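In mature numbering (1 follows the signal peptide of the UniProt record, and there is no 0), the protein residues as written are -27 to -1, 1 to 118.
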């Protein structure tokens, strides 16, 4: 009897998956494969939605930012020279100007769809360590004299 138990314990792990699968089959439980290539595809109808107005950007304001906020790319380049970085994403744009004192990032968004983007927000940081600095001071330091 012991030898029979040892023999069964050696083959039981191999038989277990087969026994489990055998219990899955049965009359009336068959699975049929269906090809989706023969199924009709309903037509897709796209209807234009109502025109959505542009989301008006929040515009930063503050002393020392006059001439920057509300300016377009040309206005800014006349004030600060050529942008070190010019990134366009969709209808938005970011211009970066830098000097010894600081780095100025100016974000431009269109006021309405189809209009030229204008500056609505600025960020300023030190060139050396990236810590925030006063925006108006950075603007003054970078303006061409």
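Glycine is no exception: its CB is placed at the ideal position from the N, C-alpha and C atoms. Being a predicted model, the structure only gives us computed values, none of them experimental.
Does residue i come out as helix, strand or coil in the three-state DSSP assignment?
i	result
residue 38	coil
residue 71	strand
residue 4	Confidence at residue 4 is low in this model, with a pLDDT of 48, below 50, so its placement is unreliable and no value can be given for it.
residue 102	coil
Rounded to the nearest angstrom, what separates residue i and residue j at their Cα positions?
i	j	result
residue 51	residue 38	15 Å
residue 88	residue 45	11 Å
residue 83	residue 102	32 Å
What residue does the beta strand (DSSP E) around residue i start on, and which one ends it?
i	result
residue 56	No beta strand (DSSP E) holds residue 56; DSSP gives it neither H nor E.
Can you tell me whether residue i is buried or exposed, with buried defined as 16 or more other CB within 10 angstroms of its CB?
i	result
residue 91	buried
Can you tell me whether residue i sits near the ligand ZN, meaning its C-beta is under 7 Å from at least one heavy atom of the ligand?
i	result
residue 68	For the structure depicted, the ligand ZN is absent and the ligand set is empty, with no information on it obtainable.
Which residues mark the beginning and the end of the alpha helix (DSSP H) in which residue i is found?
i	result
residue 99	Element bounds for residue 99: not the alpha helix (DSSP H) but the beta strand (DSSP E), 90 to 99.
residue 108	108 to 115
>> Is it the case that the stretch 105 to 115 contacts the stretch 68 to 75, given that we only count it when at least three CB pairs across the two stretches are under 8 Å?
In response: As far as the Cβ criterion goes, the stretch 68 to 75 touches the stretch 105 to 115, which means the pair count is three or higher.
> Given 8 Å as the limit, is there contact between the stretch 55 to 68 and the stretch 94 to 102, that is, 3 or more CB pairs closer than that?
Replying inline: Segments in contact, no.
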